[in-house]
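Asker: Handing you this structure, nothing more for now.
Protein chains: 2
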Amino acid sequence: MKLLVKELNQRGHEVLVLVPDSSLLIHSSESFKTEVYPVSFTKADLDGRFEQLTEGLFLKPPQMTDIFLNVQRLVNFTSLQVEGCESLLNNQTLMSRLRVGGFDLVLTDPFLPCGSILAHLLSIPAVYFLRELPCGLDTKANQCPSPPSYVPAAFSGNTNIMTFPQRVKNMLMSGVESYVCRIIYSNFDDLVSRHLEEKMTYKELISYGAIWLHRYDFTFEWPKPIMPNMAFIGGINCAKKAPLPAEIKEFVDGSGDDGFIVFTLGSMVSNMPEETAKQFFEAFRQLPQRVLWRYTGVPPKDAPKNVKLMKWLPQNDLLAHPKAKVFITHGGTHGIYESICNAVPMLMFPLFGDQSDNVNRLVAHGVAERLGIYDVTTEKLLTALKNIIRDKSYKEKIVKMSEIHLDRPVQPLELAVFWTEFVMRHKGASHLRVAAHELNWIQYHCLDVIGFLLMILFTVLWVTLKCCMFCFRKCCRRESAKKKKQ
Amino acid sequence: MKLLVKELNQRGHEVLVLVPDSSLLIHSSESFKTEVYPVSFTKADLDGRFEQLTEGLFLKPPQMTDIFLNVQRLVNFTSLQVEGCESLLNNQTLMSRLRVGGFDLVLTDPFLPCGSILAHLLSIPAVYFLRELPCGLDTKANQCPSPPSYVPAAFSGNTNIMTFPQRVKNMLMSGVESYVCRIIYSNFDDLVSRHLEEKMTYKELISYGAIWLHRYDFTFEWPKPIMPNMAFIGGINCAKKAPLPAEIKEFVDGSGDDGFIVFTLGSMVSNMPEETAKQFFEAFRQLPQRVLWRYTGVPPKDAPKNVKLMKWLPQNDLLAHPKAKVFITHGGTHGIYESICNAVPMLMFPLFGDQSDNVNRLVAHGVAERLGIYDVTTEKLLTALKNIIRDKSYKEKIVKMSEIHLDRPVQPLELAVFWTEFVMRHKGASHLRVAAHELNWIQYHCLDVIGFLLMILFTVLWVTLKCCMFCFRKCCRRESAKKKKQ
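Sequences listed follow chains V and S, in order.
In terms of the working numbering, the first sequence has 1318 at position 22, counting the first letter as 1, and numbering is strictly consecutive.
In terms of the working numbering, the second sequence has 1755 at position 459, counting the first letter as 1, and numbering is strictly consecutive.
And the structure:
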């Protein structure tokens, strides 16, 4: 979102970012002003809850039942954020300043509830910037049809083409999703009903979003129905380009024909167990490629010479280097889009959240291989990496995917800016809001109409039947009377 | 489509247009080559069938039952086109030349079947250029959800917000639509099964369309679900701009503060009954505005001086003139988009086809008034025209609509060119094709899965019930045995 904010600032817009004084990610910048408000929890609390999300990843394979554990952890994490939002909304001084601030819109990720509530309180439109929401709340709130017959449910492991058993599973998972939705968003619902209207749910609140900027792209996601107020800006992060630092440049330039491998499991995993790290080190030692590894643990003494460990990697710029051969990643969408933009095949270790689904899609597209982080061995690593490097089909397929991904009428950053400015210019995008929002579940699916028509049909049938029987009886009686007479 | 072809030609593409030797609309041009093939009917046959479509319009108000009459006339018209297509497909010389022509794609309006069949025979992708197809075949073929609870059915007279009785009507009309579809496309189906595969329907054939360029825009149409392979190019015809001819320019420039009115009922209506024309002449005589009228009949001797009759009007350029006050139109989409682009409110006389639905939408948006051509009088005309000119809300609303319509990330002509070239570059757009095409009706709606789950549920319930009853009986027996003993 920072990229979009920066671009908006360059086009003359003033941006104010509201930051809790214990914040995970937001730092000050030249592109925007910040307004820091106090919250009741510390950065350590937040980090603690955040780390919970990735607990136990290296120990055992993920199970179906982990869904409920992960939901609980997610609720733990977001409940702190709800507290933070409460602090903001109860901060009378700040709120009255915001009320007279003359803002045109709220730009927010509806993964957290505060932006949407603020937009509603200030009576200004909201533009959403997101990949998607847990349990598909974005689809539901925006009235976007999502037929379970070919849209794979989260965590189902399905692709868009399913056998009968897979469709049964998909249907059941969709049911679980609805149940999970209620748990995940219950404290959001409470927050909304405390600060806005008594009976409003979070889903209802976000249904007012003017434009949904989805970090989504159909080269990588399975195609499915969409809505007129959805704009697709998947790969927007590829716009962030910079020259490589001299030290890194020298390392990768010198990697020869064998090229190099980029390895990071993202910012959410801080430390990898020593035993797991050892498997990686041993595998890398046997490869002719050089390796750049985002590694925050203590480096071993005998680390192979072809491996460079760093606390942070200029990921996109590294993948853009022509000698980049493989990207080892956990399958977060940021990394995936950078890999697609730069056409680098992947070796993937999905950790949690939507990552497993992402990885499934890329493996199905033939541009990645998948391994488990909990049982990774040097052999498995070597087989997978050598396969990706030697078998040309991985590279060919991702080159094709990349070409299609980059071939768009408007580049994602520009598209995001356009729609944000559009909403400012026209005070919303009401012409793109479907009337389905005014219908309840029964009306939407025409169940009342179907019931009514069936009632008429049965009445007509019943009356016809009664008439027939009446006539039949009359005839019979006459017949028997005749016979008696005879 | 001519605009798109011209633009493609300017960007270096070679375009070949296949023209039956009896053609309604296609003339040669510098922008494309033509290949004329002989057909079994004459231009007079074609004109005759075409005129049938508008027969009786001036005599009586349209009825619900006209649907069936109009469907029959439409089938009469398209059956000639099917004959024409047959002539092309059986023309071995031409077909073998086309086969080795090295074409990249077929650009066609699927309203007529020949383009899609040709694309399939030549194994090249098809790009569709259309508004929409009769009875919503485009939506059905492209697997685009269209919930009857808020997407008004054709000819229903509904808007996107419906009462219960309106929803009942909408549902019934959707049912009629499915029936009508079978009649309209039956000779297309036959043609397809004769020339392609035995059991292929026309709907199935057009489902392979790579990109659907819809002359559609949500400022004017009700928003509804869409698909990733649909691009919206409504208003593409506004790109056709030219300076006004001197004679016309003088006439409209001299219209003073009162401005002028543009009046045309489109190219499909050749002659208006004298009595109807008289009502218009009398009304115009009493107006301070000047009137430009596309009039092909014999001009009366006492035509008012403020009226200029012409065989053809530069419609878009006239509407772009700042003094244009009202556009009197039949409600074809071409004219409507030109009116929206140039923000001129409308007085509408829907004649046939989708025009009545178009008019309903614009009236609901408050940018137009509606009158019937069969019972128009001077008084009605004067009231409506004075109302549109005096009541500022019509102008204000269409100015707002126009601003939103024109405010797009990519202008429609450019977007159409982009997607056409995209399909050429990537030999299709398979990444945007949903997997729903592989499912039958039962699978799509998960009816098999629901049936299976219900079966399991009932089995479990039945077994549980039997077990309970068994236990209950055992207990009872013991109880009664005890009692007997006692």
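Using N, Cα and C, we set each Cβ at its ideal position, and we do this for glycine too.
Since the structure is predicted, the reported quantities are computational estimates derived from the model, not experimental observations.
Which residues in the same chain have their Cβ closer than 7 Å to the Cβ of S1489/S, if we skip the five residues on either side of it in sequence?
Answerer: Taking the second sequence and counting its residues from 1, one reaches residue 1489/S at position 193. Cβ neighbours of S1489/S beyond the five flanking positions: K1495, M1496.
Asker: Residues of chain V with CB under 7 Å from Q1739/S, in chain order?
Answerer: As a working note, residue 1739/S is residue 443 in the second sequence. Those within 7 Å of Q1739/S in chain V are S1445.
Asker: Can you tell me whether DSSP reads A1244/S as helix, strand or coil?
Answerer: With chain S represented from 1297 up to 1782, any question about residue 1244/S goes unanswered, as that position is not in the structure.
Asker: Can you tell me whether S1776/V is buried or exposed? The criterion is at least 16 other CB atoms within 10 Å of its CB, across all chains shown.
Answerer: As a first step, residue 1776/V is located in the first sequence; it is residue number 480 there, counting from the start. With fewer than 16 other Cβ atoms within 10 Å, it is exposed.
Asker: Taking P1569/S as the reference, which of R1581/S, V1594/S, R1586/S, D1744/S has the closest Cα?
Answerer: Locating residue 1569/S in the second sequence gives position 273, counting from the first residue. If we check each option's Cα against that of P1569/S, V1594/S comes out closest.
Asker: Taking the beta strand (DSSP E) that W1508/V falls in, what are its first and last residues?
Answerer: Residue mapping note: residue 1508/V aligns to position 212 of the first sequence, counting from 1. Counting along the chain, the beta strand (DSSP E) containing W1508/V begins and ends at 1507-1510.
Asker: Which two residues bound the contiguous alpha helix (DSSP H) that contains P1708/S?
Answerer: Translated into the one-based positions of the second sequence, residue 1708/S becomes position 412. Run containing P1708/S: 1708-1722, per the alpha helix (DSSP H) assignment.
Asker: How do the region 1469-1476 of chain S and the region 1444-1458 of chain S stand: do at least 3 beta-carbon pairs fall below 8 Å, yes or no?
Answerer: Enough Cβ pairs lie closer than 8 Å, so yes.
Asker: So, is the C-beta of C1440/S closer than 8 Å to a C-beta in chain V?
Answerer: The residue given as residue 1440/S occupies position 144 in the second sequence. Output row for C1440/S: interface = yes.
Asker: State the DSSP-derived secondary structure class of S1489/V, mapped to helix, strand or coil.
Answerer: Residue 1489/V sits at position 193 when you count from the first residue of the first sequence. Correct three-state label for S1489/V: helix.
Asker: Along the region 1719-1731 of chain V, what residues have a CB closer than 9 Å to any CB found in chain S?
Answerer: Under the 9 Å Cβ criterion, the region 1719-1731 of chain V contributes R1721, H1722, A1725, H1727, L1728, R1729, V1730, A1731.
Asker: Can you tell me which of F1559/V, D1598/V, S1324/V puts its alpha carbon nearest to the alpha carbon of V1587/V?
Answerer: By 1-based counting over the first sequence, the position of residue 1587/V is 291. The shortest C-alpha separation from V1587/V is found at F1559/V.
Asker: Residues in the same chain with beta-carbon distance under 6 Å from G1380/S, minus the five sequence neighbours each way, listed in chain order, please.
Answerer: Here residue 1380/S is taken as the residue at index 84 of the second sequence, counted from 1. Taken in chain order, the residues that qualify are P1316, V1335.
Asker: Looking at chain B, is there any beta carbon in it that lies within less than 8 Å of the beta carbon of M1523/S?
Answerer: Absent here is chain B; the protein component of the structure consists of chains V and S.
Asker: Just the C-alpha distance for V1755/V and C1771/V, rounded to the nearest angstrom, thanks.
Answerer: As a working note, residue 1755/V is residue 459 in the first sequence. As a working note, residue 1771/V is residue 475 in the first sequence. For the sequence presented, residue 1755/V should be read as Thr rather than Val. Cα to Cα, T1755/V sits roughly 24 Å from C1771/V.
Asker: Determine the direct distance from the alpha carbon of I1502/V to that of M1391/V, and round the result to whole angstroms.
Answerer: Translated into positions along the first sequence, residue 1391/V becomes position 95. Translated into positions along the first sequence, residue 1502/V becomes position 206. Going from the Cα of M1391/V to the Cα of I1502/V covers about 20 Å.
Asker: Under a three-way DSSP split, which group does Y1393/S fall into?
Answerer: As a working mapping, residue 1393/S is identified with position 97 in the second sequence. Going by the sequence as given, residue 1393/S is Arg instead of Tyr. In this structure, R1393/S counts as helix in the three-state DSSP scheme.
Asker: Should W1608/V be flagged as near chain S, meaning a C-beta pair shorter than 8 Å?
Answerer: On the first sequence, position 312 is the one that residue 1608/V refers to. W1608/V does not count as touching chain S.
Asker: Name the one or two DSSP bridge partners that V1603/S has.
Answerer: Locating residue 1603/S in the second sequence gives position 307, counting from the first residue. Beta-bridge pairing links V1603/S to V1587/S.
Asker: For A1579/S, which of P1708/S, L1304/S, N1372/S, I1557/S has the nearest alpha-carbon?
Answerer: Here residue 1579/S is taken as the residue at index 283 of the second sequence, counted from 1. Of P1708/S, L1304/S, N1372/S, I1557/S, the residue nearest in Cα terms is I1557/S.
Asker: Should T1459/V be flagged as near chain S, meaning a C-beta pair shorter than 8 Å?
Answerer: Counting from 1 along the first sequence, the entry for residue 1459/V is found at position 163. No, its Cβ sits nowhere closer than 8 Å to a Cβ of chain S.
Asker: Counting only beta-carbon atoms, is C1238/S nearer than 8 Å to chain V?
Answerer: The structure shown does not extend to residue 1238/S, since chain S is modelled only from 1297 to 1782, so the question has no answer here.
Asker: Determine the burial state of S1551/V: buried for a count of at least 16 other Cβ atoms within 10 Å of its Cβ, exposed for fewer.
Answerer: If you number the first sequence from 1, residue 1551/V lands on position 255. S1551/V comes out buried.
Asker: Going by DSSP in three states, M1526/S sits in which element: helix, strand or coil?
Answerer: As a first step, residue 1526/S must be located in the second sequence, where it is residue number 230. Note: M1526/S maps to strand in three-state DSSP.
Asker: Can you check whether the CB of V1402/S is closer than 8 Å to the CB of L1414/S?
Answerer: Position 118 of the second sequence holds residue 1414/S. Position 106 of the second sequence holds residue 1402/S. Yes. Within cutoff.
Asker: Show which residues of chain S have a CB atom less than 9 Å away from the CB atom of W1518/V.
Answerer: The residue given as residue 1518/V occupies position 222 in the first sequence. Within chain S, the residues near W1518/V are V1730, A1731.
Asker: In this structure, how does DSSP classify Y1446/V when only helix, strand and coil are distinguished?
Answerer: Taking the first residue of the first sequence as 1, we reach residue 1446/V at position 150. Correct three-state label for Y1446/V: coil.
Asker: Do I1632/S and L1614/S have their beta-carbon atoms positioned less than 8 Å apart in this structure?
Answerer: On the second sequence, residue 1614/S is found 318 positions in, with the first residue counted as 1. On the second sequence, residue 1632/S is found 336 positions in, with the first residue counted as 1. No, the Cβ-Cβ distance between L1614/S and I1632/S is not below 8 Å.
Asker: Among F1354/V, R1686/V, T1350/V, C1763/V, whose alpha-carbon lies nearest the alpha-carbon of V1367/V?
Answerer: Here residue 1367/V refers to the residue found at position 71 when the first sequence is read from its first residue. When only C-alpha atoms are compared, the closest one is T1350/V.
Asker: At what residues does the alpha helix (DSSP H) containing A1664/S begin and finish?
Answerer: The residue labelled residue 1664/S in the question sits at position 368 within the second sequence. A1664/S -> not in any alpha helix (DSSP H); beta strand (DSSP E) instead, spanning 1664-1666.
Asker: To the nearest angstrom, report how far apart Q1575/S and T1673/S are at their CA atoms.
Answerer: Position 279 of the second sequence, counted from the start, is the residue given in the question as residue 1575/S. Position 377 of the second sequence, counted from the start, is the residue given in the question as residue 1673/S. Using only the alpha carbons, I get a separation of about 5 Å.
Asker: Please classify F1623/S: does DSSP put it in a helix, a strand, or coil?
Answerer: Stepping through the second sequence from its first residue, residue 1623/S is reached at position 327. Reduced to three states, the DSSP call for F1623/S is strand.
Asker: Does the CB of T1629/S have a neighbour CB from chain V at under 8 Å?
Answerer: For the purposes of this step, residue 1629/S is identified with residue 333 of the second sequence, where counting begins at 1. Not one chain V Cβ lies under 8 Å of T1629/S.
Asker: Are the CB atoms of A1527/V and L1711/V nearer to each other than 8 Å?
Answerer: Here residue 1527/V refers to the residue found at position 231 of the first sequence. Here residue 1711/V refers to the residue found at position 415 of the first sequence. Against a cut-off of 8 Å, the Cβ pair of L1711/V and A1527/V comes out as a contact.
Asker: Given D1513/S, which residues of its chain have a CB within under 7 Å of its CB, disregarding the five upstream and five downstream residues?
Answerer: Taking the first residue of the second sequence as 1, we reach residue 1513/S at position 217. So the qualifying residues of the chain are F1528, G1530, G1531, H1701.
Asker: Smallest Cα separation from L1643/V: which of R1666/V, G1649/V, R1369/V, H1741/V?
Answerer: Position 347 of the first sequence, counted from the first residue, corresponds to residue 1643/V. Comparing Cα-Cα distances from L1643/V to each of R1666/V, G1649/V, R1369/V, H1741/V, the minimum goes to R1666/V.
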